[in-house]
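Trainee:
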Amino acid sequence: MSLSRVENPCFLLFLAVFQAIFILILYRGGASSVFRGFLDTPQPLDYSKTQDVYTNLSLFTRAPNEETMPYCTAQSPIFVGPLTITFNAFPSERMIIKKNPFVRFGGRYSPPHCLARYKSAIIVPHKNQEKHLRHLLYYLHPFLQRQQLHYGIYLIHQAGNATFNRAKLLNVGVREAMKDEDWDCLLLHDVDLIPENDYNLYVCDEYYPKHIASAIDKFQYSLPYWSFFGGVSALTPEHYMKINGFPNTYWGSRGEDDDIAARIQLAGMKIVRTPIHLGRYKMMDLEQHKGSEEYPIRKKCQHRPTSLHECGHTRRTTWSRSFVLLT
C-alpha cells in the first residue's frame, strides 16, 4: 500500500529542511534581506575601462529658482561605474578648488540643481598626511557630488608626538559634525583609501552599521578576515549612540576596528557590507605618517574629549573643515 505524500519520509524531511531554512532567513534579517541578496548578486563590471571622476559633473548647473527646485532623482543621471584612479600627479589646492566650484567654504556641498534626498558627514582622521589628503579630496569631492548628496567633509588632525589614535579622533569628528547639522549618516573614512566606483553609495543602511570598503586592492579585493570593519564604514547617529561611541584606548593602528565590530555585536546588531563588485578601493602607497604602529597597543585615556577647548582648535578651508586634536 503506497504512503500518502504527507506520510512519505522523504517529503517530511524536505519539509523540515525548508522550515529550518525559512526560520534562519527570518532570524538573519527578514524577507527583505533575501531580496536584497538577489539584488546584490555581483554584476560583471570591467574595471579595465574606467572614466574620469569629473566626467559630466559640469551638467549639474545652478537652478534658476531655488524655491522651486525638485528633489534629486533616486539614481544619479551621471553615474559611470568604474573610475580612473592614479596617484602620479600631486593635485594642488588651487586645482581642487577650481574643479569643485559649488563646494562651499568649510567643505560643505548641496546639489545646485535639486534638493538632496540624503545628508552625509564624512569624517577623516589623520596625522601629518598632507599628500594623502590632497589626493583624497581631489577624488572624494566629485565622487560625492556625482551621488547628488548634501555632504560635509571633516578632517580630524592629530597634532603632537603621541602615537596615532584613530578612534579618539573619530569621536571628536562625530561630536563636532553633529553640532553643525542632523546628519543622516556618519561616514568613517581612512585618509589613504579612494573609491573606485561611483555606484558605491555613501549612505547608511537603515537597520545596521554598514562596512563599505569591502574590497581593497591591498587585500586582493577581498576581506582580510570575516569581521573586518576598517577602511570606510557608515553608521547612523542612532547606531553610534547604541554602541556608545568608539574606544579611546587604542594607540596605534587597526585594533579599534575589531573593538567597534565587537560593540556592534554586543548591541544586538550585525554588520552589512557593500557588495565586493561595488565596494572596491585603491590604497595609496605613500610614505607612512609619523607615529603609526603596525600593531595596536593600549594606553590609559583620561576621558573622551567633550569640546574643542579640550581637543584643540578648528580651522575652516575651502575644501574641508579641519579639527586639530592636541596630544
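Our numbering runs 6 ahead of the 1-based position in the sequence shown.
Note that CB positions come from ideal geometry on N, CA and C, so glycine has one too.
Fair warning: this is a prediction, and the values are worked out from it, not measured in the lab.
Given Ser220, which residues of its chain have a CB within under 6 Å of its CB, disregarding the five upstream and five downstream residues?
Mentor: Once the five neighbours on either side are set aside, the close Cβ partners of Ser220 are Arg279, Thr280, Ile282 and Gly285.
Trainee: On the criterion of 16 or more Cβ atoms from any shown chain inside 10 Å, does Lys133 qualify as buried, or is it exposed?
Mentor: Buried: at least 16 other Cβ atoms inside 10 Å.
Trainee: If Met290 sits next to Asp198, beta carbons under 8 Å apart, how far is it from one beta carbon to the other, in whole angstroms?
Mentor: Right, their Cβ atoms sit about 4 Å apart.
Trainee: So, with DSSP's three-state summary, where would you put Ile277?
Mentor: Residue state, collapsed to three classes: coil.
Trainee: Quick check on the DSSP output: the alpha helix (DSSP H) that includes Pro117 runs from which residue to which?
Mentor: Here Pro117 belongs to no alpha helix (DSSP H), and DSSP marks it neither H nor E.
Trainee: Which same chain residues end up closer than 7 Å to Cys16 when comparing Cβ atoms and leaving out the 5 residues on each side of it in sequence?
Mentor: Excluding positions up to five away in sequence, the list is empty.
Trainee: Which residues does DSSP list as the beta-bridge partners of Asn203?
Mentor: Asn203 is bridged to Pro88.
Trainee: Using the beta-carbon count (16 or more within 10 Å), is Phe170 buried or exposed?
Mentor: By the neighbour-count rule (16 or more Cβ atoms within 10 Å), Phe170 is buried.
Trainee: Name, in chain order, the residues that DSSP records as bridge partners for Ile159.
Mentor: The partner list for Ile159 (beta bridge, DSSP) reads Ile128.
Trainee: Suppose you measure from the CA of Gly112 to the CA of Ile159; what does that come to, to the nearest Å?
Mentor: Taking the straight line from one Cα to the other gives about 8 Å.
Trainee: Let me make sure I understand the geometry here. Which of Lys216, Leu155, Asn177 and Gly258 has the alpha-carbon closest to that of Asn250?
Mentor: Of Lys216, Leu155, Asn177 and Gly258, the residue nearest in Cα terms is Asn177.
Trainee: Looking at the structure shown, is Arg100 part of a helix, part of a strand, or coil, going by DSSP?
Mentor: If DSSP states are grouped into helix, strand and coil, Arg100 belongs with the helices.
Trainee: Go ahead and pull the three-state DSSP assignment for Arg269.
Mentor: If DSSP states are grouped into helix, strand and coil, Arg269 belongs with the helices.
Trainee: Specify the secondary structure class of Cys16 as computed by DSSP and reduced to three states.
Mentor: Note: Cys16 maps to helix in three-state DSSP.
Trainee: Report the residue from Thr67, Pro215, Leu192 and Pro88 whose alpha carbon sits nearest the alpha carbon of Cys78.
Mentor: Of Thr67, Pro215, Leu192 and Pro88, the residue nearest in Cα terms is Thr67.
Trainee: Does the Cβ-Cβ distance between Leu192 and Leu161 come in under 8 Å?
Mentor: No, Cβ-Cβ distance for Leu192 and Leu161 is not below 8 Å.
Trainee: Whose C-beta lies closer than 7 Å to the C-beta of Arg114 among residues of the same chain, with five residues either side of it excluded?
Mentor: Contacts found: Gly158.
Trainee: Sort Pro118, Asn62, Tyr144 and Phe108 by Cα distance to Ala95 and report the nearest one.
Mentor: That would be Tyr144, whose Cα lies nearest to the Cα of Ala95.
Trainee: Please name the residue in Ser239, Met75 and Gly261 whose C-alpha comes closest to that of Pro118.
Mentor: For Pro118, the nearest C-alpha among the options comes from Met75.
Trainee: For Leu142, which of Glu187, Leu272 and Ile128 has the nearest alpha-carbon?
Mentor: Measuring from the Cα of Leu142, the nearest candidate turns out to be Ile128.
Trainee: Once you ignore the five residues that flank Pro224 on each side, which residues in its own chain have a CB closer than 7 Å to its CB?
Mentor: Strictly speaking, residue 224 in this sequence is Lys, with Pro absent from that position. So the qualifying residues of the chain are Met289.
Trainee: Among all the DSSP beta bridges, which residues are the ones paired with Lys288?
Mentor: DSSP lists Ile200 as partners of Lys288.
Trainee: Would you decide whether Phe24 is buried or exposed? Buried here means 16 or more other CB atoms lie within 10 Å of its CB.
Mentor: Flag for Phe24 reads exposed.
Trainee: Between Leu207 and Gln153, is the Cβ-Cβ spacing less than 8 Å?
Mentor: Yes, the Cβ-Cβ distance between Leu207 and Gln153 is below 8 Å.
Trainee: So who's on the other strand from Val238, going by DSSP bridges?
Mentor: Answer by DSSP bridge pairing, in chain order: His195.
Trainee: Using only the alpha-carbon positions, how far apart do Phe215 and Ser239 sit?
Mentor: Phe is not the amino acid found at residue 215; the sequence shown has Pro there. Using only the alpha carbons, I get a separation of about 8 Å.
Trainee: Pick helix, strand or coil for Lys133, following the three-state DSSP scheme.
Mentor: Note: Lys133 maps to coil in three-state DSSP.
Trainee: Any idea what DSSP makes of Arg172, helix, strand or coil?
Mentor: If DSSP states are grouped into helix, strand and coil, Arg172 belongs with the helices.
Trainee: By DSSP's criteria, Arg110 is part of a beta bridge. Which residues make up the other side?
Mentor: For Arg110, which the question treats as bridged, DSSP gives the partners Arg114.
Trainee: May I ask which residues mark the beginning and end of the alpha helix (DSSP H) holding His283?
Mentor: Neither: His283 is in no alpha helix (DSSP H) and is coded neither H nor E.
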